[in-house]
Amino acid sequence: MMPAIRYRYELLSVLVLVVLFTLVVACGDDDDGGGDVTLHLGTILPETGGLSNLGRPMIESVRLAEEDIKAAGGNIKVTYADSATSPETAPEAVNRLLGQGVHAIVGAGASGVSQSFIQVLFDEKIPQCSPSNTSPSFSTQENAAYYFRTVPPDIAIAPILADLVVGDGHTRISLIARADDWGQSLLNQLETELEQLGAEYDSTLYDPAAISFDAEVAAVESYDPDAVINITFNEGLALIRHLLEAGYGPERQYLTNGYIDPALAEQIDPNNPNVIDGLRLLEPGADLDFNRRLEAETGGEVAYGASAYDCTIILALAARIAGSTDGDDLLEAVGRVTDGGADCTTYAACAELIDDGEDIDYVGVSGPINLDEVGDPTVATYIVTTYTNGEFDRLRVAEVDLTSGR
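With the numbering used here applied, the sequence shown closes on residue 1043, and no number is skipped along the way.
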């Protein structure tokens, strides 16, 4: 009988030690304000497809944020997946990430792609931060309860772009837009703004999978506008080239925030660096020092990088505040990261304040964020950019306070 009695005693001792160890660890987590919580972040960003030119700076910015968080003693793991800029491909990538246990998602790049999996994240209570979705739809739909973004919706960019085009003296304008959630919503916003400015317009939607823009260019020629606004991703390269050939020079063409490529001139005509000099577009605002750091990683591409960096930092700080990776806990803490506390501009500085028991207001490298009740930034900053000698020439900064209109 003795061996059996000894076995039970030893088992009880082991169980007691395990319970005591668990309590000690749990108390340690509470004491450090969540510093020992490891956030497993998944990215759904476009390595390929129609937004691949914007995917690289976003992906590299997440890597930079991961590096900064770890350097400051934060715990984060990032698993990367390609959205392929496709509503058909992205949900499969999301399901793989969920199977690997991610706690939150950064992405997608395109609004229509986010729409393809937002219901799944809602059902699973997984927070999602997009650095580049600008469709207004997310601000009102019920299944966006776990969604927020670090880039403002199109209600911010539309008045700036319309003012730019009409301010250049154009009063008769053709708009050519992708037939997807982002393209349709921005088109609608621009139509409203142009009407308010007294300009005439004609609108054409195109299939993003189209292999020819002959019909769209014919529609422009038939309308005979002063200027053309191209609401495109990188498939717009062919459209811009065809419009140039049809006599619509670069000073009569405008791009939105969907196609931002410093190498565009070389792609249109490698023998003529001035081929698109004067063409204008809007870039999202960003801290210049951060952009220089990012340029070293990407060879010059920076669009939406700052907002991807901020998505990552915000989620990591939320995990530190919450001391948890539960979806509801993370989402509640996100609101406490960007408003109502002491200003801080880095993960390290913010983490120190959190550990000291202070409320914080993270000011991102994409600018002030201050999320509203539906997860939208309340301040929008854009850079009016043109091409000079085939390279970006940044002209001025335009800012919109979304709490008070223009």
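All C-beta atoms in this analysis are idealised placements derived from N, C-alpha and C, irrespective of residue type, glycine included. Model, not experiment: these values are computed from the prediction.
Proximal residues to Ser-769 (C-beta, below 6 Å), its chain only, five neighbours per side dropped: Gly-746, Val-788, Tyr-941
Output the residue ranges of the alpha helix (DSSP H) runs that lie fully inside the segment 965-1037 and measure 4 residues or longer, sorted by chain position. 984-992
Take Phe-658 and list the residues in its own chain whose beta-carbon comes closer than 8 Å to its own, dropping the five residues that flank it on each side. The predicted model places Phe-658 with a pLDDT of 36, which falls under 50 and marks its position as unreliable, so this point remains unresolved.
Quick test of your reading: Ala-864 and Val-939, contact by CB under 8 Å. State the CB separation rounded to the nearest angstrom. That pair is no contact at about 27 Å.
Between the beta-carbon of Ala-718 and the beta-carbon of Ile-681, is there less than 8 Å? yes
In chain order, what residues of the same chain lie with their CB nearer than 8 Å to the CB of Pro-899, ignoring the 5 residues before and after it? Gly-937, Glu-938, Glu-1028, Phe-1029
Note down the Cα distance separating Ala-781 from Phe-759, rounded to an integer number of angstroms. 7 Å
Simplified DSSP state of Phe-785, which is helix, strand or coil: strand
Same chain only: Cβ atoms within 7 Å of Ala-875, ignoring 5 sequence neighbours per side: Phe-850
Between the alpha carbons of Thr-962 and Leu-954, how many angstroms are there, rounded? 11 Å
When we look at the beta-carbon of Gly-710 and count the other beta-carbons within 10 Å, is it buried (16 or more) or exposed? exposed
Take Thr-1023 and list the residues in its own chain whose beta-carbon comes closer than 7 Å to its own, dropping the five residues that flank it on each side. Gly-915, Leu-916, Arg-917, Asp-1030, Leu-1032
With a 10 Å radius around its C-beta and 16 neighbouring C-beta atoms as the bar for buried, classify Leu-925 as buried or exposed. exposed
Span of the alpha helix (DSSP H) around Thr-949: 942-959
Enumerate in chain order the residues of its own chain whose CB-to-CB distance from Thr-1025 is below 7 Å, with the five nearest sequence positions on each side excluded. Asp-914
Residue from Pro-724, Ile-877, Tyr-784 with nearest C-alpha to Glu-761: Tyr-784
In whole angstroms, give me the CA-to-CA distance for Glu-934 and Thr-1015. 30 Å
Along the chain, where does the alpha helix (DSSP H) that runs through Thr-854 open and close? Looking at the sequence itself, residue 854 is Val, so the reference to Thr does not match. Looking at the DSSP string, the run of the alpha helix (DSSP H) that includes Val-854 is 851-860.
Evaluate contact between the segment 997-1016 and the segment 873-893, counting only Cβ atoms and requiring at least three cross-stretch pairs below 8 Å. no
Taking 6 Å as the limit between beta carbons, can you name the residues of its chain near Val-750, skipping five residues before and five after? Ser-720, Pro-724, Ala-727
Please state the DSSP three-state secondary structure of Gly-679. strand
Taking the alpha-carbon positions, what's the Ala-852 to Ala-986 distance? 54 Å
Nearest-angstrom Cα separation, counted from Gln-826 out to Ile-792: 7 Å
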